[in-house]
Amino acid sequence: MRVSNNTYVSAMYQGNTANKRVPNFKPQDSMYEESLKDESKHLKNVYYDFSEFNPLNFKGTYMRSKIEGFSENQNQENSINLTPGTKVSLGEHAGKDVALCIGESSVSMSWGSEPMGSAYVKKFNDTLRSLLNGVVDENGVPDMSKLTKEQQSVLDNIQTNHQSMIMKLGGVEQYETICKMGESFDALIRVANGQMPKAAISPDMHENIKAGLEKVGIDTTKPFTVNGQKFYFSEGGVLKFFE
1 MRVSNNTYVS AMYQGNTANK RVPNFKPQDS MYEESLKDES KHLKNVYYDF
51 SEFNPLNFKG TYMRSKIEGF SENQNQENSI NLTPGTKVSL GEHAGKDVAL
101 CIGESSVSMS WGSEPMGSAY VKKFNDTLRS LLNGVVDENG VPDMSKLTKE
151 QQSVLDNIQT NHQSMIMKLG GVEQYETICK MGESFDALIR VANGQMPKAA
201 ISPDMHENIK AGLEKVGIDT TKPFTVNGQK FYFSEGGVLK FFE
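In our numbering, the protein residues as written are 1 to 243.
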């Protein structure tokens, strides 16, 4: 397709030769030829495939190789090891401790003995599948229409207890804030272990990680260590590697 209604330049769009979806334009006017040849004026590394930054592509079992041999950091100032089996406190809320447990491939949270966030979702789904004994609809989804009144009562009780917990913690907004803060540790662990690029962490995740680290006793105003990797937060609150 030729574009020629511009007074200063006519260009040819060559879609087949585009690199990372960036169109390749052929200058037809010598007025811009010198500028286009100037490497210092070119935009570089601007476009990327979304998969390069999608956190879902870095899920799976936490890597251990990077943190082996760093157990001594547990006793160092402003340092924490977040390895499978570790349980840390995110502080007391409404009379009960909010705990963060590090699993083999994910983190889970609880308020006292009651699951929060993704842990609650897992409990509900596991209970539903157990009650249905594997019965699903045509789409492969657990068929809730097959539940008896007694079975539905079990699920209703789980939901009622969960709603009560949310209210005790200050409402939906406060509950979600606590959950996001705790579950952001999953991304922190993967970045610290070297299995996920820091660029895959969204800006709001930086805020949640910072808040969560402060809850477990890390001073985020100065460099700190997680699983043997040194970090610091910039003045803008961005998580960075400490060199």
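Note that the Cβ used here is the ideal one computed from N, Cα and C, for glycine as well.
- For A199, the secondary structure class from DSSP, reduced to helix, strand or coil, is helix.
- Of all alpha-carbon atoms in M63, M181, V141 and S105, the one lying nearest the alpha-carbon of N125 is that of V141.
- Collapsing the DSSP output to three states places F185 in a helix.
- Between the C-alpha atoms of F231 and T61 there is a straight-line separation of about 22 Å.
- Apart from sequence neighbours up to five positions away, no residue of its chain approaches K59 with a beta-carbon distance below 6 Å.
- As computed with DSSP, Y175 is found in no beta bridge at all.
- V191 carries a helical assignment under DSSP once its states are collapsed to helix, strand and coil.
- Straight across, the Cα-Cα distance linking G228 with E207 is about 21 Å.
- Distance check between D204 and each of P115, A94, G112 and L239 places L239 closest, using alpha-carbon atoms only.
- It is roughly 33 Å from the alpha-carbon of K122 to the alpha-carbon of N78.
- Leaving aside the five residues that flank P223 on each side, the residues in its chain whose CB is nearer than 8 Å to its CB run, in chain order, N78, K230, F231, Y232 and F242.
- With contact defined as three or more Cβ pairs closer than 8 Å, the stretch 79-86 and the stretch 143-160 are not in contact.
- DSSP places D126 in the helix class (H, G or I) of the three-state scheme.
- For K215, the closest C-alpha among the options E138, K146 and I178 is that of I178.
- Per DSSP, reduced to three states, the secondary structure at F241 is strand.
- Contact between D143 and L132 is confirmed by a C-beta separation of about 7 Å, below the 8 Å threshold.
- The secondary-structure analysis by DSSP pairs P115 across a beta bridge with S110.
- Taking the Cβ atoms as the reference, T225 lies roughly 15 Å from K210, outside the contact range of under 8 Å.
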